[in-house]
Each structure stands twice: as structure tokens, then as C-alpha cells.
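Note sheet for the following structure.
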Amino acid sequence: MINMPTWQRYLDAQFGPPQPGQYRAQPEDFWVDEQLDFIPEAHGEHLWLRVEKRNQTTLDVVNTLSRLCGVTPRDIGYSGMKDRIAVTRQWLSVHLPGRDAPADLEQSLKSLGVTVVEQVRHPRKLKRGVHRTNRFVLRISGEAIHQEGFIRRWETLCQHGVPNYFGPQRFGPDGRNLQRAEALLNRGWRKRDDRQGMMLSTARSFLFNELLSERLADGTWCQPLAGDTLMLDGTQSVFNIEQADDTLSARAAALDIHPTGILWGVGEPSQGEIAGYESRLLQQYAALCEGLERSGVKQARRALRMRLLEPQLTWEAEAVRLSFALPRGSFATAVLSELIAVS
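Residue numbering for the sequence shown follows our numbering, starting at 4 and increasing by one per position.
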């Protein structure tokens, strides 16, 4: 069975490993607000609810709405999964064609720890991954924030970006989701065994993190290489290059474009220098790679680097409050891992 490795950090070479720190001592220390880039149309069969939850998962709220509205969980849409030990705001949709929501819906949700911040109708169900960014406000404390280089660590991340690792929550406690994914792919993936595709996602996330760690170790994680697929900052638009040049290097240094890594699946192999990274993944983790290909999941790309949007740091009594936004699918825990060693 694959054991969870320790992946390369960006700032260790310059500042050494971070000192111990704490975050999420209470849910209010980890605040997340999901940001759409469009406005619901105020009419239609779907009731869209912007809710605030505390100490609950997104699926907990889905199941609650299903029961209160008398619909199936499949009639409820959401864009992203939000943390449990946190205070989070996100949108969900409920398919209610030709009828209103229960009159006491807001009151019933509030009694269960879910506050309706806003509600509006829209013609379509909320689909996965349609939000643009997540806004985070994190409160951290401990030895790390008193470390001499703490502010310089933060400023370096703001200036040069952050390794876009999938966070530890993707892999479950002690990496058990990864071991479950490995076992499932070894015996042959079937939809009925993985309804939400979480095991496929876990395996692809692990392979991506492995590739990112290697490119961090050799210093190429934010530099275009021959055969790279590059992503435009703030979008999912990608383009392939045969060779890197000074213009592309300058755009990468300005955080305008980012190298990407493979999300393993069925597709054409990369060329040039990038082919070497992917062939090493295949050699080391053949069962995962081949199992993903047999599942039929399509190959995709993910940026190796994320840019902190509107970053702010505020000192409090014995704590620091960090505020920033990240593109959807990026993890705030990847930012924290560069600043503190979780104790």
C-alpha cells in the first residue's frame, strides 16, 4: 500500500522549515466565502440558497435540504465542497418546479446551524466547479508567527505564488482515502463503488502532488519547460509549447501564466522535458496510472502554481489574520503549509 509522503515545500530552501503553529483552534478561525462570477436570474425552477454553515460538511447541508424540501439529494446542486471545521458560505440549488420552498425553511435550517444569507430563483441547477474563487480569512497562532522570517515568507508567497498542492483533506485521515483508491483501482474501478468519483480524484491528486514535488525540488515548478502545457492566470485556458523562451519566462515571472501538471487519465502523452516527469510517475505508480486509464477518466491539467488574490496580513493579540482569495479547486492548507508546521 502507498504511504503518504512528505512533499517538497517551496520556502524551505530559502528560509528553512517553518516553526510550529496552530490554525482552526475553533471554526471561526477558518472562514471561507464562495464567490460566483455571475448573478442568478431571479426566476426559474431552481431555488438558489446562499448559506452559512458551521461545523458541517456540504453534504450534511445537502441531506438536510433534501429532507426539509421533500426532494432527493440529486435535486440539489452545489459548486464546491467546503470544510467542516470552519465557518463557510456557499451556494446550493434546490429543484422546486412549480412550487415554493416550505414556509419555515429558513427557520428550520437556522435551528440546525445553517443560516440562509440570500435566496433567489434561477432556471438551472448549480453545477460543480462554476464558482470563480473562494475568499479565506484565517487566524493562525503559535511559534511560527514569531519566527524572524515569518513576514518574509508571507511576502514571498504574495510575490511569487504558492505551490498548488491538493490539501491533506483530499487524502483523508492518515491518507486512508489514498489507500482506498489504490485498492479500488487494483481490482478495477466501477461507478457503483465510487458514486461521487472521490477515489478517482484522490488518485489523480496524489499523482499531481508527486509531480509538483519533483518540479519544486529541481526548481522548475514556475518555469516553462519544453513540452509544457501552460495555463493563463485566472482562467482554465491552456496552450502547449514546444520550447520555452524569454518571453514565456517573463510572463511566468509576472504570474501571467503557470506551468501545469497532469491529472492522470486517458489522453495523449506529453512531449519534450515534460514527458520525462510523467514517465517517471508511470514507472513508480504503474498500478494507479493504469487503473485510472482503465476507468476511462479523461486526462486534464492543473496549474502547478496559484496566485494569492488581494492578500492581506493583520496582527492581532498573539495571532495573525490572513485574508486572501484563491481560484476554485485550490487549497488554503497549501498556503498554510509554507508558513507553519501544524502542531
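A virtual CB, placed ideally from N, CA and C, is assigned to each residue, including glycine. Note that this is a predicted model, so its numbers are computed, not measured.
Supposed contact pair residue j and residue i - C-beta distance, whole angstroms, cut 8 Å
| i | j | result |
| --- | --- | --- |
| GLN25 | ILE143 | 7 Å |
| LEU307 | TRP192 | With 8 Å as the limit, LEU307 and TRP192 do not qualify as a contact, their Cβ atoms being about 26 Å apart. |
| LEU95 | VAL64 | 7 Å |
| VAL97 | GLU55 | Not confirmed; about 17 Å, so no contact. |
| ASN3 | THR159 | With the chain running from 4 to 346 in the structure shown, residue 3 is simply not present. |
| ALA335 | LEU141 | 6 Å |
Assigned exposure category for residue i - 16 Cβ within 10 Å defines buried
| i | result |
| --- | --- |
| GLN17 | exposed |
| VAL165 | buried |
| HIS125 | buried |
| ASN58 | exposed |
| LYS85 | buried |
| GLU37 | buried |
| SER333 | buried |
| ASP15 | exposed |
| TRP157 | buried |
| ILE79 | buried |
| ALA278 | exposed |
Chain-order list of residues whose beta-carbon lies under 6 Å from that of residue i (same chain, five-residue window excluded)
| i | result |
| --- | --- |
| GLY294 | LEU188 |
| GLY178 | MET7 |
| VAL338 | VAL165 |
| LEU93 | First, the residue type needs correcting, since residue 93 is Gln and not Leu in the sequence shown. Answer for GLN93: GLU37 and LYS85, listed in chain order. |
| THR317 | ARG324 |
Minimum C-alpha distance to residue i - residue among the options
| i | options | result |
| --- | --- | --- |
| ILE343 | PHE334, VAL119, ASN6 and GLU146 | GLU146 |
| GLU321 | LEU311, ILE148, PRO20 and LYS56 | ILE148 |
| LEU99 | GLN162, LEU52 and ASP32 | LEU52 |
| THR238 | GLY132, MET84 and HIS46 | GLY132 |
| PHE87 | LEU39, VAL35 and ASP103 | The question names Phe, but residue 87 in the sequence shown is Arg. With distances taken between Cα atoms, ARG87 lies closest to VAL35. |
| HIS46 | VAL119, VAL323, CYS161 and ARG102 | ARG102 |
| LEU215 | ASN243, VAL241 and ARG283 | ARG283 |
| ARG304 | ARG310, GLN286, ASP249 and ASN167 | ASN167 |
| GLU217 | SER208, TYR280 and LEU233 | TYR280 |
| SER114 | SER82, LEU68 and GLY83 | LEU68 |
| GLU313 | ARG173, PHE33 and ARG138 | ARG138 |
| PHE169 | PHE209, ALA184, ARG183 and PRO23 | PHE209 |
| ARG254 | GLU245, SER273, MET234 and GLY116 | MET234 |
| ALA89 | GLY73, VAL345, PRO21 and ASP32 | ASP32 |
| PRO272 | ASN243, SER252 and HIS261 | ASN243 |
| PRO330 | ARG195, SER82, ARG207 and PHE174 | SER82 |
| LEU291 | GLN315, ALA328, SER326 and LEU203 | LEU203 |
Own chain, CB closer than 8 Å to residue i, minus 5 neighbours either side, in chain order
| i | result |
| --- | --- |
| LEU71 | PRO105, LEU108, SER111 and LEU112 |
| ALA247 | GLN226, PRO227, LEU228, ALA229 and ASP231 |
| HIS49 | GLY80, SER96, VAL97, HIS98, LEU99, ARG124, HIS125, PRO126, ARG127, LYS128 and LEU129 |
Contacts around residue i, its chain only, beta-carbon distance under 7 Å, and the 5 residues preceding and following it disregarded
| i | result |
| --- | --- |
| LEU219 | GLN11, TYR13 and PRO166 |
| LEU258 | GLY164, ASP236 and ARG310 |
| GLU213 | LEU284 |
> Using 8 Å as the Cβ pair cut-off and three pairs as the minimum, do the segment 198-207 and the segment 215-231 touch?
Replying inline: In short, these stretches do not touch, since the Cβ pair count stays below three.
>> Using a Cβ distance threshold of 8 Å, determine whether the segment 298-306 contacts the segment 268-276, with at least three qualifying pairs required.
In response: yes
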